[in-house]
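Asks: Let me give you the structure first, and then I'll get to my questions.
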Amino acid sequence: MNLYLNHFGLRDAPFRITPATDAFFTGAKRGSILAALLYAIESGEGLIKVTGEVGSGKTLLSRMLTEQLPGNTDTIYIATPSLSRHEVLQTLADELGLAGTAERPGQVLRSLQNTLVARYGQGRRVVVIVDEAHAMPQESLDQIRLLSNLESGRDKLLQIALFGQPELDELLASHALRPLRDRITHSFSLPPLDQEAVREYIEFRLQAAGHRGPSLFSPKAVAVIARASAGRTRRINILADKSLLSAFAANRPGVEKDDAERAAKDCRLTDGRRKTAYFQRLPHLLLAAGALGIALATGWVAHSLAISSPPPPKEAALSSASPPQATPPAARPAPTGSSEPATMAITAPQPTETIPTPPALVIQLAFSDSLAAPWFAAFRAQAASLLGPDQVRAIPTRIAGREVVALCTGSYTTRDQAIAAATQLPEALRRHQPQVRSLAGLDSALRNISQK
54 MNLYLNHFGL RDAPFRITPA TDAFFTGAKR GSILAALLYA IESGEGLIKV TGEVGSGKTL
114 LSRMLTEQLP GNTDTIYIAT PSLSRHEVLQ TLADELGLAG TAERPGQVLR SLQNTLVARY
174 GQGRRVVVIV DEAHAMPQES LDQIRLLSNL ESGRDKLLQI ALFGQPELDE LLASHALRPL
234 RDRITHSFSL PPLDQEAVRE YIEFRLQAAG HRGPSLFSPK AVAVIARASA GRTRRINILA
294 DKSLLSAFAA NRPGVEKDDA ERAAKDCRLT DGRRKTAYFQ RLPHLLLAAG ALGIALATGW
354 VAHSLAISSP PPPKEAALSS ASPPQATPPA ARPAPTGSSE PATMAITAPQ PTETIPTPPA
414 LVIQLAFSDS LAAPWFAAFR AQAASLLGPD QVRAIPTRIA GREVVALCTG SYTTRDQAIA
474 AATQLPEALR RHQPQVRSLA GLDSALRNIS QK
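Quick note: to get the working numbering, add 53 to the position in the sequence shown (first position is 1).
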């Protein structure tokens, strides 16, 4: 349970990033677009397209569409766009319950057509929703075009809705996909939220979570969030959540401008118009830098990441001490083996010490520029409460040349194990999008830190 729920009089976490249809915001044209989608499908239109930026609410809109379609509708939801031409056909066959359809694509297509004709005769409608369609190969999109040609004589046997980022429009503009583009009868675009819509959205989410009373966000705080988020609902959720954590840590009754600015700075979203915004560049920076998240001091690794082991003394000292004060890089002393937390010094192992091979993967719950950031301290305490104090470690590392503190848990030898564990984390710990991190490049990251 989020730490600030009782403090702010909330029943549920108001700014979950997991799409939830009970928190669908009808403002900023979302409600009217949903109504138009329902009308287009019920009218028997063949191909429909919806585009929007990353985090603008496309997935939630598609789920709302699925829920509100009439009862005589069979919906097929394709969430994995990287399907080959044949895999698209096979997926539809599987979803429609066709057994033994591992034949050639032409045979699968005929089986699909026969099944669709039978369902049409029963008064049923089949709708295919493709999420992340901008990532679908051209040959697969062309297969979508062929499927849209299936007709009963006067009605479409299959209705298809493509949801994707603006890159989908660029893809459809190519000469090779002109036949598909010409078959799209309705196109919708999810606009970003302006400042007033951001205010309404925040209030809507708070009320849905049980808040009653005056607004928790000051107008200046809303303005900061609107600007930093560029009007994208996923960013608004993350910024609003961190702003509430900051206000909670400061024991304030509501969110002020500095809380929102702190959240935006921590997310590196001080200007949502910058193309290098955190949410766009972080994955590429992590991959390019090779610093995939977790720089553990080699002395600390000697104690290992084993879940069953108690936290080492130095980690405990770091966790319990007062938050360290930022020190200019030039003034930071070289590591001397001291465990004093104010400098987060890293102790190198003695040459004779035996260092066990560390596990390959860990889960990064969140990271911050400062261990003392109020939202990070509150989130760290929450993680320790939910997972156990010995299961969570705040570790200094470098990401894209910046010194940060990563909050980590677990130790895994395979990516499948780590991903499975990440999906089982409490929902409160998934709000910052936990990521599986490899320890590749660890030695380089350690050297960069220790030389400061």
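Glycine included, C-beta positions come from ideal geometry on N, C-alpha and C. Note that this is a predicted model, so its numbers are computed, not measured.
With distances taken from CA atoms, which of T112, L418 and A302 is nearest A437?
Replies: Checking every option, the nearest Cα to that of A437 belongs to L418.
Asks: Would you decide whether Q160 is buried or exposed? Buried here means 16 or more other CB atoms lie within 10 Å of its CB.
Replies: That one is exposed.
Asks: May I ask you to verify whether the segment 183-191 touches the segment 63-75, counting CB pairs closer than 8 Å and requiring at least 3?
Replies: Pairwise C-beta distances place the segment 183-191 out of contact with the segment 63-75, as fewer than three of them are shorter than 8 Å.
Asks: Using the three-state DSSP reduction, which class does D247 fall into: helix, strand or coil?
Replies: coil
Asks: Do A313 and R258 have their CB atoms nearer than 9 Å?
Replies: Contact: no.
Asks: Please classify N59 as buried or exposed, where buried requires at least 16 other C-beta atoms within 10 Å of its C-beta.
Replies: Exposed, since its Cβ has fewer than 16 Cβ neighbours within 10 Å.
Asks: Between L100 and A214, is the Cβ-Cβ spacing less than 9 Å?
Replies: Yes, the pair counts as a contact, with Cβ atoms nearer than the cut-off.
Asks: Give the single residue among S137, P158, P245 and A89 whose Cα lies nearest to the Cα of R285.
Replies: Check the Cα spacing between R285 and each of S137, P158, P245 and A89: the tightest is with P245.
Asks: Suppose the cutoff is 6 Å on Cβ atoms and the five residues either side in sequence are ignored; what does the same chain contact list for K102 look like?
Replies: L215, I237 and S240
Asks: Tell me the rounded alpha-carbon separation between R69 and R83.
Replies: 18 Å
Asks: Starting from K295, follow the alpha helix (DSSP H) in both directions and report where the run begins and ends.
Replies: T286 to A302
Asks: For V107, count neighbouring Cβ atoms within 10 angstroms of its own Cβ and tell me buried if that reaches 16, exposed if not.
Replies: exposed
Asks: Does DSSP classify F78 as helix, strand or coil?
Replies: coil
Asks: Between which two residues does the beta strand (DSSP E) carrying T126 extend?
Replies: T126 to I131
Asks: For S205, count neighbouring Cβ atoms within 10 angstroms of its own Cβ and tell me buried if that reaches 16, exposed if not.
Replies: Residue environment for S205: exposed (fewer than 16 other C-beta atoms within 10 angstroms of its C-beta).
Asks: Quick one: what does DSSP say P158 is sitting in, helix, strand or coil?
Replies: helix
Asks: In this structure, how does DSSP classify G174 when only helix, strand and coil are distinguished?
Replies: helix
Asks: Using the rule of at least 16 other Cβ atoms within 10 Å of the residue's Cβ for burial, across every protein chain shown, is T450 buried or exposed?
Replies: buried
Asks: Of all the options G176, L142 and I182, which has the alpha carbon lying nearest to the alpha carbon of Q166?
Replies: The residue with the shortest Cα to Cα distance from Q166 is L142.
Asks: Is Q196 closer than 9 Å to A229 when the C-beta atoms are compared?
Replies: With contacts defined as CB atoms closer than 9 Å, A229 and Q196 fail to qualify as a contacting pair.
Asks: Check each candidate in F77, A88, Q121 and L200 and name the one with the smallest Cα separation from R138.
Replies: L200
Asks: Less than 9 Å between the beta carbons of Q488 and T462, yes or no?
Replies: no
Asks: Do you know offhand how far L162's Cα is from S242's?
Replies: 31 Å
Asks: Following the continuous beta strand (DSSP E) through F241, name the residue where it begins and the one where it ends.
Replies: Under the DSSP assignment, F241 falls in the beta strand (DSSP E) whose first and last residues are I237 to S242.
Asks: V180 and L122 - do their beta-carbons sit closer together than 9 Å?
Replies: Note that the C-beta distance between L122 and V180 is below 9 Å.
Asks: To the nearest angstrom, how far is it from the Cα of L297 to the Cα of Y57?
Replies: CA-to-CA, the gap between L297 and Y57 works out to about 7 Å.
Asks: Looking at D422 and K295, is the spacing between their C-beta atoms short of 9 Å?
Replies: no
Asks: Since G84 is in the alpha helix (DSSP H), which residue starts that stretch and which ends it?
Replies: R83 to E95
Asks: For S421, write down the residues that DSSP places opposite it in a beta bridge.
Replies: V458
Asks: Measuring only the C-alpha atoms, how far is H485 from R207?
Replies: 49 Å
Asks: Label N290 either buried or exposed according to how many other C-beta atoms from any shown protein chain fall within 10 Å of its C-beta, with 16 as the threshold for buried.
Replies: buried
Asks: How is P449 classed by DSSP in three states: helix, strand or coil?
Replies: strand
Asks: State buried or exposed for Q175, treating a residue as buried only when at least 16 other CB atoms are found within 10 Å of its CB.
Replies: exposed
Asks: CB K310 to CB S268, shorter than 9 Å?
Replies: no
Asks: Between which residues of its own chain and L149 is the CB-CB distance below 6 Å, once the five residues before and five after are set aside?
Replies: T168
Asks: Measure the alpha-carbon distance for V458 versus N304 and round it to whole angstroms.
Replies: Pairing V458 with N304, the inter-Cα distance amounts to about 24 Å.
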